[in-house]
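2 protein chains.
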Amino acid sequence: MSILSDHIEAFIKSMLEEMAQVEMQRGELARRFGCAPSQINYVLSTRFTPNLGYYIESKRGGGGYIRIMRIDMNKDAYVMELVNEVIAESLREQQARSLIAQLYEKRAVTLGEARLMMAAISDKVLPAPQENRDAVRAGILKNMLLALANEMSRKEATEHGTM
Amino acid sequence: MSILSDHIEAFIKSMLEEMAQVEMQRGELARRFGCAPSQINYVLSTRFTPNLGYYIESKRGGGGYIRIMRIDMNKDAYVMELVNEVIAESLREQQARSLIAQLYEKRAVTLGEARLMMAAISDKVLPAPQENRDAVRAGILKNMLLALANEMSRKEATEHGTM
DNA sequence: AACATATTGACATTCCCTGACCAATTGGTA
DNA sequence: TACCAATTGGTCAGGGAATGTCAATATGTT
């Protein structure tokens, strides 16, 4: 049930684990996955954005290429940049989830902490406008506790398990 | 007797007896039972609620899915009691804080996790009624990140330090 | 009858993927 | 130099595929 974009993303990230920088041709990658070249752009623009810690250069024409660079920062700096620069006044759930996943991949948070954060920002627990603060908070905390309990109940799973 | 919902419920629960986590597609399940897809949502929202010990995630679009997780009610009895009994529909900030503090003292959560929870439920980040969901979420996440950064920046402090 | 529960269907939202068209770079040729 | 053809990547609108929401309706219970 996994999706083409996930495969492409995983492929690129596996290369980025060995090198901090990967260079390739869009068409070549598209042929490897049997998809339209623009699909590559879609993956890059949704999963390898600057906000997520990647930097991309490219060149057209003969000998053209796409270069994907992983930006490594120390954890404190990364977190502070997220707080100060990346997270705007408004943040949609999917963006938030990607950010948290990145924090986890960079080992800036533990699995348990990432789960808590996911739980706290889920649309499920956020208020219809008229609800009062206390009700909202109860929902958030319940959701966080459940996320944590769920993690504990499968503690024997893979150490660096998926989220 | 209204059978359909009961059948769907039983079907899901039978799967959950073998795995602690089940992933499926809403439309597929609806076809299997010959009902409207939204019927699945009804069953999930009435019979697989957090209070009953279930945690649900989902994703839309191509490759979308619904993931239903069962929480081990025995192992996590304390957490479930909190969710079901202690935390009412409404919870004021001070009550929430002492609850989290207790979790930490019982070593049910790490210091980092407790900080995150405190951050998520703080009055500071909860909405004035008219703000929209995204803005609320941004505030929550920022606050959690700050709590985390603050914890990291004094990593050398006492192991079981004060909150 | 009145109330609670169940079910449907229309519509909204989100994510994925493609194809047509556009832009830039290179190399060749007059 | 001027121009053209070939070769790359970029962008965007649109359609398809999946879940979410909600009001209306049907069904069951007391």
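Line order of the protein sequences matches chains A and B.
Remember, the numbering used here sits 1364 above the position in the first sequence when you count from 1.
Remember, the numbering used here sits 1364 above the position in the second sequence when you count from 1.
Using N, Cα and C, we set each Cβ at its ideal position, and we do this for glycine too.
{"Query": "Anticipated Cβ contact below 8 Å, L1463/A with L1446/A, distance rounded", "Result": "6 Å"}
{"Query": "Sub-8 Å separation of A1483/B and L1455/A beta-carbons", "Result": "no"}
{"Query": "Exposed unless 16 or more other CB atoms sit within 10 angstroms - verdict on V1450/B", "Result": "exposed"}
{"Query": "Interface partners of G1427/B on chain A, CB under 9 Å", "Result": "M1365, S1366, I1367, L1368, S1369 and D1370"}
{"Query": "Any chain A beta carbon closer than 8 Å to R1395/B", "Result": "no"}
{"Query": "Rounded C-alpha distance that separates D1436/B from R1395/A", "Result": "46 Å"}
{"Query": "For R1471/A and N1438/A, the rounded distance between their alpha carbons", "Result": "10 Å"}
{"Query": "Pairwise C-alpha distance: P1414/A and M1527/B", "Result": "With a pLDDT of 44 at M1527/B, under the threshold of 50, the modelled position of that residue is not reliable, and the figure given next carries that caveat. If I take the Cα positions, the gap works out to 34 Å."}
{"Query": "Close Cβ partners of G1428/A (< 6 Å) along its chain, the five nearest in sequence each way excluded", "Result": "none"}
{"Query": "T1313/A versus K1377/B: straight-line alpha-carbon distance, rounded", "Result": "There is simply no residue 1313/A to check, as chain A begins at 1365 and stops at 1527 in what is shown."}
{"Query": "Residue from G1417/B, I1432/B, G1425/B and L1416/B with nearest C-alpha to I1404/B", "Result": "I1432/B"}
{"Query": "Near the ligand ADP: M1444/A beta-carbon under 7 Å from a heavy atom", "Result": "Questions concerning the ligand ADP fall outside what the structure shown contains, since it holds no ligand whatsoever."}
{"Query": "For R1431/B: DSSP bridge partner residues", "Result": "E1387/B and E1421/B"}
{"Query": "Inter-residue spacing [alpha-carbon to alpha-carbon] between S1402/A and G1426/A", "Result": "18 Å"}
{"Query": "Backbone CA spacing between Y1418/B and R1434/B [nearest angstrom]", "Result": "5 Å"}
{"Query": "Same chain, Cβ closer than 8 Å to M1508/A, five either side skipped, listed in chain order", "Result": "L1480, A1483 and A1484"}
{"Query": "Contacts of A1530/B in chain A (Cβ-Cβ under 7 Å)", "Result": "Given a span of 1365 to 1527 for chain B in the structure shown, any question on residue 1530/B remains unanswerable."}
{"Query": "Run of the alpha helix (DSSP H) containing F1375/A, from where it starts to where it stops", "Result": "L1368 to E1382"}
{"Query": "C-alpha gap between G1398/A and F1412/A, whole angstroms", "Result": "20 Å"}
{"Query": "Exposed unless 16 or more other CB atoms sit within 10 angstroms - verdict on I1420/A", "Result": "exposed"}
{"Query": "K1506/B burial status per 10 Å Cβ neighbour count (16 or more: buried)", "Result": "buried"}
{"Query": "Per-residue DSSP class, three states only, for L1509/B", "Result": "helix"}
{"Query": "Sub-8 Å separation of L1490/B and A1478/B beta-carbons", "Result": "no"}
{"Query": "Own chain, CB closer than 8 Å to L1380/B, minus 5 neighbours either side, in chain order", "Result": "V1386, I1432 and R1434"}
{"Query": "Cβ-Cβ separation, I1430/B to M1388/B (assumed contact under 8 Å), whole Å", "Result": "6 Å"}
{"Query": "Spatial neighbours of Y1442/A in its chain, beta-carbon cut-off 7 Å, leaving aside the 5 residues before and after", "Result": "K1470 and A1472"}
{"Query": "Residue of L1368/A, E1457/A, S1369/A and L1416/A minimising C-alpha distance to S1422/B", "Result": "E1457/A"}
{"Query": "Pairwise C-alpha distance: R1461/A and N1448/A", "Result": "18 Å"}
{"Query": "DSSP state of K1488/A mapped onto helix, strand, coil", "Result": "helix"}
{"Query": "Same chain, Cβ closer than 8 Å to E1392/A, five either side skipped, listed in chain order", "Result": "none"}
{"Query": "Residue-chain proximity (I1451/B, chain A), Cβ-Cβ < 8 Å", "Result": "yes"}
{"Query": "N-terminal and C-terminal residue of the alpha helix (DSSP H) that M1437/B is part of", "Result": "Neither: M1437/B is in no alpha helix (DSSP H) and is coded neither H nor E."}
{"Query": "Within-8 Å CB hit, I1432/B to chain A", "Result": "no"}
{"Query": "Residues of its chain near V1500/B, where Cβ-Cβ distance is below 7 Å and the 5 sequence neighbours each way are ignored", "Result": "P1491"}
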